[in-house]
Ligand SMILES: Nc1nc2c(ncn2[C@@H]2O[C@H](COP(=O)(O)OP(=O)(O)OP(=O)(O)O)[C@@H](O)[C@H]2O)c(=O)[nH]1
Ligand SMILES: [Mg+2]
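Residue numbers (my numbering): 133 to 326.
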């Protein structure tokens, strides 16, 4: 079975929960005292998708403004970008729109964009209505999902949605697309973190 390596980056304001989402996805763990990311972190996880295995090469970027200039290194060559906002912080949704603009201007042409409204366990102090975010995502043909890294809500689904948006192997001109690297390996018996 073919393993496809898919570079994925997470973008978004500091504190929205990018690292927490990745930690939940890769290690099924949530750390209340997680530190802000410095530069970027790299993790991988392989998941089955139809007749293929998708190995996500995940670049979890730092949201602090001083690291903004590093972002092109991470979104360049990415098959997908997850742009995260915090449903309790309207400002973080405005920042998300800036990331969408930057990706449109400087990101890969065929990049899959997923918008994740994180911290949906804090619905009582919500500032970003689901409807507004969903409409915005639809307007740019992006995946939209609300997540809670804390309560493990929709985190798997987020990455599954990305997997489904990646064109199947037979439809992909792999030689001309750096985002879809392929290696051939035996099928592992179970889902695994790498
Ligand atoms: N209630 C709640 N808190 C969360 C959730 N996800 C993350 N947090 C908290 O939000 C804070 C920031 O989380 P991080 O994952 O470090 O955020 P980040 O986007 O990686 O931040 P930077 O690395 O600075 O860009 C931490 O205190 C987390 O515990 C969530 O789903 N619900
Ligand atoms: Mg982080």
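Where a beta carbon is used, it is the ideal one built from N, C-alpha and C, also for glycine.
{"Item": "Beta bridge counterpart(s) of residue 173 as assigned by DSSP", "Value": "192"}
{"Item": "The stretch 134-147 contacting the stretch 198-208, beta-carbon criterion three pairs below 8 Å", "Value": "yes"}
{"Item": "Identity of the residues DSSP links to residue 273 by a beta bridge", "Value": "None, per the DSSP bridge assignment."}
{"Item": "Proximity test, residue 163 beta-carbon vs ligand 3 heavy atom, cut-off 8 Å", "Value": "No copy of ligand 3 occurs in the structure displayed; its ligands are ligand 1 and ligand 2 alone."}
{"Item": "Check: residue 211 C-beta below 8 Å from any heavy atom of ligand 1", "Value": "no"}
{"Item": "Three-state secondary structure assigned by DSSP to residue 183", "Value": "coil"}
{"Item": "Euclidean distance between Cα positions of residue 199 and residue 169", "Value": "10 Å"}
{"Item": "Host beta strand (DSSP E) of residue 222 (start-end)", "Value": "Element bounds for residue 222: not the beta strand (DSSP E) but the alpha helix (DSSP H), 222-238."}
{"Item": "Buried or exposed (CB count within 10 angstroms, at least 16 for buried), residue 290", "Value": "buried"}
{"Item": "Proximity winner among 283, 152, 191, relative to residue 211 (alpha-carbon distances)", "Value": "191"}
{"Item": "Collapsed DSSP secondary structure at residue 298 in the structure displayed", "Value": "coil"}
{"Item": "Classification of residue 225 by the beta-carbon crowding that lies within 10 angstroms, buried from 16 upward", "Value": "buried"}
{"Item": "For residue 188 and residue 314, the rounded distance between their alpha carbons", "Value": "Caution applies to residue 314, whose pLDDT of 45 falls short of 50 and renders its modelled position unreliable; the value that the coordinates give is listed next. About 12 Å."}
{"Item": "Backbone secondary structure at residue 203 - three-state DSSP", "Value": "helix"}
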